[in-house]
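First residue of the sequence shown: 1, per UniProt numbering; consecutive thereafter.
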Amino acid sequence: MENGAAPTAPAVIVAIDGPSGTGKSSTSKAVAAQLGLSYLDTGAQYRAITWWMVTNGIDTDDPHAVAAAADKPEIVSGTDPAGPTITVDGVDVAGPIRTQEVTSKVSAVSAVPEVRARITELQRTIAAAAPLGIVVEGRDIGTTVLPDADLKIFLTASAEARAARRSGELKGADVHATREALIKRDAADSSRKTSPLAKAGDAVEVDTTALSLPQVIECVVTLVEEKRAGK
Ligand SMILES: Nc1ncnc2c1ncn2[C@@H]1O[C@H](COP(=O)(O)OP(=O)(O)OP(=O)(O)O)[C@@H](O)[C@H]1O
Ligand SMILES: Nc1ccn([C@H]2C[C@H](O)[C@@H](COP(=O)(O)O)O2)c(=O)n1
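Structure, rendered in structure tokens:
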């Protein structure tokens, strides 16, 4: 380099999609931290808008009511993988968006086209502003939000493995009930008309059923490094 500065790698955009409990958040956060990239949890954004609808008395089973309110809340995502944040109208909602009530209503809210248009625009703005690049995780990142991502990963795992992981998180949760709830949410997310959960044609599928979390992280880091090296 003429000025003696070290060459900087161009920003890299990584899209990680897959059904619930496949390890998207854990993997994306760790990969972003390891590679010095930003991190965006798009599920948290859909949960945040759902939380706002519930808190403001909007009937989440009425798509017209949800559509009419879709542009009202201001959702802000912090993208540091060491401490991602999410606020709605300035209120920290990181805890409230994980309640059972929000989880049971988020698929209906996120199926409304006006909600998807609003949140997709927000996601693209955040990704474009990430100085060194970003790992964005969700359901439709590789297919719709960032179809030109440098690398697309689609994580999968058996319903049994996913339910066991989730039940481990929710102390005392019934594995069978957790499995049924995961399957129901995946079916709703996969069958909606607008931007369903789907694997992009050019995504690399990684089945995490028999892999530990560190093994999945290593696999994805390697894929990003290979992509950067032009392999
Ligand atoms: N390969 C793995 N082996 C064992 N446990 C894992 C693995 N990957 C993730 N986990 C654990 O499974 C749980 C769910 O992981 P995570 O939240 O990352 O999944 P997710 O795909 O983001 O789920 P959701 O879409 O529902 O938010 C966490 O407790 C996480 O530590
Ligand atoms: N890109 C995305 C991300 C998430 N959603 C919806 C569907 C999920 O059931 C819900 C919660 O996501 P999670 O926190 O479990 O990752 O949000 C979506 O439609 N598109």
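Even glycine gets a Cβ: it sits at the ideal position worked out from N, Cα and C. Owing to the predicted nature of the structure, the values given are computational and were not obtained by experimental measurement.
Asked: Could you check how far apart the C-beta atoms of Leu-155 and Gly-23 are, in whole angstroms? I think they sit under 8 Å.; Found: 6 Å
Asked: Does the beta-carbon distance from Ile-153 to Leu-40 come in below 8 Å?; Found: no
Asked: Going along the chain, which residues of its own chain have a beta-carbon closer than 6 Å to the beta-carbon of Val-102, five neighbours each way excluded?; Found: Arg-47, Thr-50, Trp-51
Asked: What would DSSP say about residue 247, mapped onto helix, strand or coil?; Found: Because residue 247 is not part of the residues shown, which for the chain are 1 to 231, the question remains open.
Asked: Considering only heavy atoms of ligand 2, does any lie closer than 7 Å to the CB of Tyr-46?; Found: yes
Asked: Within the present structure, is the beta-carbon of Gly-78 separated from the nearest heavy atom of ligand 2 by less than 7 Å?; Found: no
Asked: Is Ser-107 near ligand 2, with its Cβ less than 7 Å from a heavy atom?; Found: yes
Asked: Keeping to the same chain, check which residues put their C-beta closer than 8 Å to that of Ala-188; ignore five residues upstream and five downstream.; Found: Ser-107, Ala-108, Ala-111
Asked: Kindly examine ligand 1 and report whether one of its heavy atoms sits closer than 7 Å to the Cβ of Arg-165.; Found: yes
Asked: Hey, how far is the Cα of Leu-146 from the Cα of Ala-129?; Found: 13 Å
Asked: With a Cβ-Cβ cutoff of 8 Å, do Ala-82 and Gly-142 count as a contact?; Found: no
Asked: Look up Gly-90 in the DSSP assignment and say whether it is helix, strand or coil.; Found: coil
Asked: Given 7 Å as the limit, tell me if Val-12 has its C-beta closer than that to any heavy atom belonging to ligand 1.; Found: no
Asked: Where does Ser-167 fall in DSSP's three states?; Found: helix
Asked: Pull up the CB-CB distance for Thr-194 and Arg-116, whole angstroms please, since I reckon it's below 8 Å.; Found: 5 Å
Asked: With DSSP run on the structure shown, which of helix, strand or coil describes Glu-180?; Found: helix
Asked: Does the pairing of the stretch 25–34 with the stretch 88–100 give three or more beta-carbon distances under 8 Å?; Found: no
Asked: Hey, is Val-216 close to ligand 1, as in C-beta under 7 Å from one of its heavy atoms?; Found: yes
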